[in-house]
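Undergrad: I have a structure here, written as structure tokens, and I will follow up with some questions on it.
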Amino acid sequence: MANDEIKSIIVGIEQLKKQNEEREIADLIPLVLSQTLNSTKAKTIMELDENLKLALATTKTHFPSNSVAAICDLFSFLVKRRIQNCQDFSDCKDQIIEVGKKLYEISLSSRTKIAEFAQPFIGDGASILVHGFSHCVIATLKEAAKNNKQFNIFVTEGRPSSSGKLVAQLLKNEGMPVTMIPDSAVARNIEKIDMILIGADVVAESGGVVSQIGAYQISITAAAFRKPFYVAVESNRFSRIYPLSQRDLPAEKINADLINQYADIGITVK
Amino acid sequence: MADNKPRRPRVHSSNNFDEHFNSATDKIEGKSKSNFLQPVEPKPKLTKAQRREIQDKQRADKKERLISEGKLPLESKNINSNNTNSSTTNDNVNKKKGSKGIKPDQIFESLEKTKTQQLVAPAPAKKQVPLFSHLPQYERPLSHSLVNRFAAPIIHTSVLKLGLQIANGTIIGSNARCVATLLAFKSVIADFETSKDQLMARELDKSLKPMINFLVYCRPLAISMANAIKFFKLKLNSTNSLSEAEAKQFMYEQIDQFILEKIIAADKIIANHAASKIENNDIIVTFASSSAVETALKYAFEGDKKFRVIIVDIRQTKEGKELLQNLVEFGIECSYCLISAISYVMKVASKVLIGASALLSNGNAISRAGAGSVAMMAHAHNIPVLVCCETYKFCERALLDSICFNEIGDPEIVASTPILKNWQSKDNLKLLNLMYDLTPSQFVSMIVTEIGILPPTSVPVVVREYHKDEM
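Residue numbers (my numbering), protein chains in the order written: chain A, 3 to 272; chain B, 12 to 482.
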């Protein structure tokens with residue numbers, strides 16, 4: 003696979019992202035990948051397989067995130083399964099396009115479906131705690147507001163990435179009553195809260211959920227106080243990883259600001 | 012849901028239903044009615060000995076009745092009473108057969124019996140542990156009684172040899188027993204001659220029955236062996252259209268493929284997955300001896316991971332010693348302790364790797380007695396427990412405890428301390444040696460199989476998807 007074809011993947015993804023701010027990068031990947039693979043000069047299944055591997059490796063390194071890795075693995079699995087049942091080569095390329103389209107469509111329709119399914123869980127007058135930035139969660143809350151439900155929202159700051167500010171702004175624009183609380187204040191406020199709603203990057207095979215840093219602490223607090231803890235996530239974020247412990251998750255990039263904050267007294271941040 | 016159609020009338024007429032219902036309740040009420048009307052007489056209280064006397068008498072009466080009705084052949088009565096005194100078994104059986112040698116009729120009778128009866132005779136009633144009296148009690152199989160009861164022409168020599176080795180404890184472990192069984196069946200097929208105009212599959216199936224019963228007599232089948240035999244029979248039944256030579260060749264290939272795919276290759280893949288979960292400076296606790304775990308540890312060691320292993324063993328069989336020897340020879344740093352020390356060991360452990368004899372549909376694992384305790388202790392210390400198990404050991408049963416289904420081993424092994432030397436003579440003393448125990452699914456963090464790493468809840472999925480075409 004030529005270098006420019008590889009570059010075109012990355013460029014394609016970034017372009018699509020610019021065009022569709024609402025979509026997450028992970029959702030756009032299958033579409034771009036399938037289009038690029040279709041336009042390669044590969045003539046055999048072996049070549050196609052090689053190109054696929056290369057494309058996935060490039061995507062994963064250029065966009066290092068759990069959800070991107072999960073989508074790439076899912077795409078690869080589905081494509082390989084389809085190719086096995088293919089009769090001839092041109093059919094293979096069609097199958098790849100179909101897989102890409104289907105995954106993209108799933109991610110398109112997921113948010114509205116999730117919002118719909120989640121409505122029975124949001125009671126009237128509920129206090130909901132939201133952590134981390136997730137399109138599914140925001141879609142759910144918007145839908146609930148549309149259904150004329152009264153509720154108030156607690157948003158955690160979500161340091162160090164300060165996701166809380168983004169979420170709070172979006173929700174405020176929809177006219178919902180939002181209160182911002184520091185991450186460390188969750189246990190203090192949990193008595194006032196009726197339920198917790200978060201999104202997820204990836205759902206692991208063990209059933210566990212990989213989400214923004216701080217979600218685990220909140221879930222432990224919720225379990226201790228017997229508050230329902232809900233995770234809204236699309237079905238294309240399911241992965242075959244089976245982390246034995248926190249160490250099995252890939253190390254994350256730390257926010258530059260956070261490192262700088264402590265640089266003057268010479269302390270490293272993990 | 013909102014139907015505007017009128018409700019359909021019920022298919023079965025209500026009359027029939029009422030009839031059944033009424034007759035059933037009449038029966039119940041009838042009994043209770045009579046009880047209510049008559050005063051209940053208090054039963055006389057009997058001592059244990061008196062109750063046992065009555066029970067024995069009832070048993071003897073029943074036997075007489077069945078023999079007189081011709082439902083129970085005479086010989087069985089003798090064999091059952093023989094087994095209560097193992098020392099006199101041989102003399103009596105020899106006397107029975109007499110100096111005339113083994114007659115074909117007697118062979119046929121014993122063959123008939125082996126097909127229908129439960130061969131393992133119960134231990135003398137007073138030495139049975141009441142909670143486990145529903146399980147086949149242990150009977151020490153003596154080689155001469157085995158050979159006399161199961162005449163050579165019926166049981167192939169390789170199966171005889173296998174049975175004795177299993178009964179002796181030379182071959183232990185579900186993988187080893189399974190492989191040995193399949194290889195023995197291979198020789199059975201090789202020496203088998205189908206009679207004219209008969210299908211090899213059907214005849215072989217018939218002649219295999221007493222052999223399998225013999226193996227059960229030597230030691231109850233492990234679930235892995237049962238699955239392997241099921242697979243074998245399935246493949247055998249598919250040879251109906253082939254000639255005898257082709258069928259034999261087909262069966263050899265199938266057996267070889269099964270052993271290679273499901274056991275040997277599976278162990279390698281399991282080792283790969285398990286080794287990926289082992290990190291540097293890990294302290295891994297393992298229990299007794301499991302071939303899958305051994306392969307995994309060796310593989311991780313070859314992959315230049317620095318870790319150390321603590322082998323937890325049981326006093327009775329000291330199975331872990333062989334694992335210890337193998338790992339030390341391989342170069343792995345090992346420690347060894349008995350199960351009484353697990354609370355001490357868990358303080359430093361970082362992972363627990365155990366094998367399993369079988370995995371049940373509800374995610375519980377059956378493995379060597381003691382593994383459940385190790386898993387529970389690990390869970391209490393928040394240490395992950397990895398169960399390494401090949402998929403052919405998955406079964407569709409679901410058990411909740413170690414009592415319903417288990418295997419009772421030789422009580423003499425438990426009695427290996429000098430204090431218990433004369434345990435047989437002490438009336439109130441019963442010894443119990445259970446071979447398996449159940450590890451509840453909540454203590455199992457993950458199951459490492461050749462199809463990947465699975466949560467315990469995925470066992471029924473595997474049974475459904477993978478076993479339906481192959482087994």
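For every residue, glycine included, the Cβ atom is placed at its ideal position computed from N, Cα and C.
1) Counting along the chain, where does the beta strand (DSSP E) carrying H133/A start and finish?
2) Let me know the secondary structure DSSP gives I215/A once reduced to three states.
3) To the nearest angstrom, report how far apart E64/B and L442/B are at their CA atoms.
4) Check whether the region 240-255 of chain A touches the region 119-129 of chain A, counting contact only when three or more Cβ pairs, one atom from each stretch, lie closer than 8 Å.
5) The ligand COA and S198/B: does the residue's C-beta get closer than 8 Å to at least one heavy atom of that ligand?
6) Would the beta-carbon of C350/B fall within 9 Å of that of F318/B?
7) If the cut-off is 7 Å on Cβ atoms, which residues from the region 193-222 of chain A count as contacting chain B, listed in chain order?
8) Quick check on the burial criterion: 16 or more other C-beta atoms within 10 angstroms. Buried or exposed for V13/A?
9) Are the beta-carbon atoms of G383/B and T328/B separated by less than 9 Å?
10) Specify, as a first and last residue, the run of the beta strand (DSSP E) that N154/A falls within.
11) Measuring alpha carbon to alpha carbon, tell me which residue in Q61/B, A369/B, N373/B is nearest R379/B.
12) Would you say L246/A reaches chain B, if we count a Cβ-Cβ gap shorter than 9 Å as a contact?
13) Residues of chain A with a CB under 9 Å from the CB of P466/B: which are they?
14) Pull the bridge partners of T450/B from the DSSP assignment, please.
15) With a threshold of 9 Å between beta carbons, is D250/A in contact with chain B?
16) Below 7 Å on C-beta distance, what does K316/B contact in chain A?
17) Count the other C-beta atoms from every protein chain shown that fall within 10 angstroms of the C-beta of M357/B, then say buried if there are 16 or more, exposed otherwise.
18) Within 10 Å of its beta-carbon, does Y263/B have 16 or more other beta-carbons around it, so buried, or fewer, so exposed?
19) Rounding to the nearest angstrom, what Cα-Cα distance links L210/B and R239/A in this structure?
20) Using a Cβ cut-off of 9 Å (strictly closer), state whether N149/A contacts chain B.
21) For L286/A and P32/A, what's the separation of their Cα atoms in angstroms?
22) Give the residues of chain A in contact with G174/B, contact being defined as C-beta atoms less than 7 Å apart.
23) Looking at the C-beta of G366/B, does it have a partner C-beta in chain A at a distance below 9 Å?
24) Output the distance between the C-alpha atoms of L266/B and V70/A, rounded to the nearest integer angstrom.
25) Who are C348/B's beta bridge partners in DSSP?
26) Starting from the N-terminal side, write out each stretch of the beta strand (DSSP E) that is 3 residues or longer and does not extend beyond the region 80-136 of chain A.
27) Once the 5 residues before and after L371/B are set aside, which same chain residues still bring their CB inside 6 Å of it?
28) Taking the alpha-carbon positions, what's the E26/A to P471/B distance?
29) When you check each C-beta in the region 372-394 of chain B against every C-beta of chain D, which residues fall closer than 8 Å?
30) Rounded to whole angstroms, what is the Cα-Cα separation between E254/A and L364/B?
31) Does the distance from the CB of E461/B to the CB of I280/B come in under 9 Å?
32) Taking a Cβ distance cut-off of 8 Å, strictly less, list which residues of the region 278-295 of chain B are near chain A, in chain order.
33) With I198/A as the anchor, note down where its alpha helix (DSSP H) starts and where it stops.
34) Looking at the secondary structure, which residues open and close the beta strand (DSSP E) in which K362/B lies?
35) Along the region 441-459 of chain B, where does the CB come closer than 8 Å to a CB of chain A? Name the residues.
36) Under a CB-based cut-off of 9 Å, is G550/B close to chain A?
TA: Looking at the coordinates:
1) One-based indexing of the first sequence puts residue 133/A at position 131. Run containing H133/A: 128-133, per the beta strand (DSSP E) assignment.
2) Here the question's residue 215/A lines up with position 213 in the first sequence. I215/A: coil per DSSP, three-state reduction.
3) In the second sequence, counting from the first residue as 1, residue 64/B sits at position 53. In the second sequence, counting from the first residue as 1, residue 442/B sits at position 431. Approximately 23 Å, taken between the alpha carbons.
4) no
5) Ligands in the displayed structure: none, and consequently the ligand COA is not present.
6) Here the question's residue 350/B lines up with position 339 in the second sequence. Here the question's residue 318/B lines up with position 307 in the second sequence. With the sequence shown as reference, residue 350/B is identified as Ile, and Cys is not the correct amino acid for it. In this structure, F318/B does not lie closer than 9 Å to I350/B by Cβ.
7) E207, S208, G209
8) In the first sequence, the residue the question calls residue 13/A occupies position 11. Exposed: under 16 other Cβ atoms inside 10 Å.
9) On the second sequence, residue 383/B is found 372 positions in, with the first residue counted as 1. On the second sequence, residue 328/B is found 317 positions in, with the first residue counted as 1. Cβ distance not < 9 Å, so G383/B and T328/B don't count as in contact.
10) Residue mapping note: residue 154/A aligns to position 152 of the first sequence, counting from 1. Note, N154/A: beta strand (DSSP E), 153-158.
11) In the second sequence, counting from the first residue as 1, residue 379/B sits at position 368. Per the Cα distances, A369/B.
12) As a working mapping, residue 246/A is identified with position 244 in the first sequence. Yes, its Cβ sits closer than 9 Å to a Cβ of chain B.
13) Reading the second sequence from its first residue, position 455 is the one you call residue 466/B. Going along chain A in sequence order, the residues near P466/B (Cβ under 9 Å) are E207, S208, G209, Y244.
14) In the second sequence, counting from the first residue as 1, residue 450/B sits at position 439. Answer is A376/B.
15) Within the first sequence, residue 250/A is the residue found at index 248, counting from 1. Yes, D250/A counts as interfacial toward chain B.
16) On the second sequence, residue 316/B is found 305 positions in, with the first residue counted as 1. By Cβ distance, chain A contributes nothing, its closest Cβ being about 14 Å from K316/B, past 7 Å.
17) Numbered from its first residue, the second sequence carries residue 357/B at position 346. Flag for M357/B reads buried.
18) Residue 263/B sits at position 252 when you count from the first residue of the second sequence. Exposed is the call here.
19) As a working mapping, residue 210/B is identified with position 199 in the second sequence. As a working mapping, residue 239/A is identified with position 237 in the first sequence. For L210/B and R239/A, the distance between alpha carbons rounds to 54 Å.
20) Sequence index remark: in the first sequence, residue 149/A carries index 147 (1-based). Cβ-Cβ to chain B under 9 Å: no for N149/A.
21) Residue numbering for chain A in the displayed model covers 3 to 272; residue 286/A lies beyond these limits and cannot be assessed.
22) Against the second sequence, residue 174/B aligns to sequence position 163. By Cβ distance, chain A contributes nothing, its closest Cβ being about 41 Å from G174/B, past 7 Å.
23) By one-based count along the second sequence, residue 366/B stands at place 355. Output row for G366/B: interface = no.
24) Along the second sequence, one-based indexing puts residue 266/B at 255. Along the first sequence, one-based indexing puts residue 70/A at 68. Note that residue 266/B corresponds to Ile in the displayed sequence, not to Leu. Between I266/B and V70/A, the C-alpha separation is close to 43 Å.
25) The residue labelled residue 348/B in the question sits at position 337 within the second sequence. According to DSSP, C348/B bridges with V323/B.
26) 128-133
27) For the purposes of this step, residue 371/B is identified with residue 360 of the second sequence, where counting begins at 1. Same-chain partners within the cutoff: R408, A409, L410.
28) Residue mapping note: residue 26/A aligns to position 24 of the first sequence, counting from 1. Residue mapping note: residue 471/B aligns to position 460 of the second sequence, counting from 1. In a straight line, the C-alpha of E26/A is about 35 Å away from that of P471/B.
29) In the structure shown, chain D cannot be found, because the protein chains are A and B.
30) Here residue 254/A refers to the residue found at position 252 of the first sequence. Here residue 364/B refers to the residue found at position 353 of the second sequence. The straight-line gap from Cα to Cα measures roughly 29 Å.
31) Start at 1 with the first residue of the second sequence, and residue 461/B comes out as number 450. Start at 1 with the first residue of the second sequence, and residue 280/B comes out as number 269. Yes, the pair counts as a contact, with Cβ atoms nearer than the cut-off.
32) K288, E290
33) Sequence index remark: in the first sequence, residue 198/A carries index 196 (1-based). Taken as a continuous stretch (DSSP letters only), I198/A belongs to no alpha helix (DSSP H), being part of the beta strand (DSSP E) at 197-201.
34) Position 351 of the second sequence holds residue 362/B. Counting along the chain, the beta strand (DSSP E) containing K362/B begins and ends at 362-366.
35) S456, M457
36) For chain B, the structure presents residues 12 to 482; residue 550/B sits outside this window and is missing.
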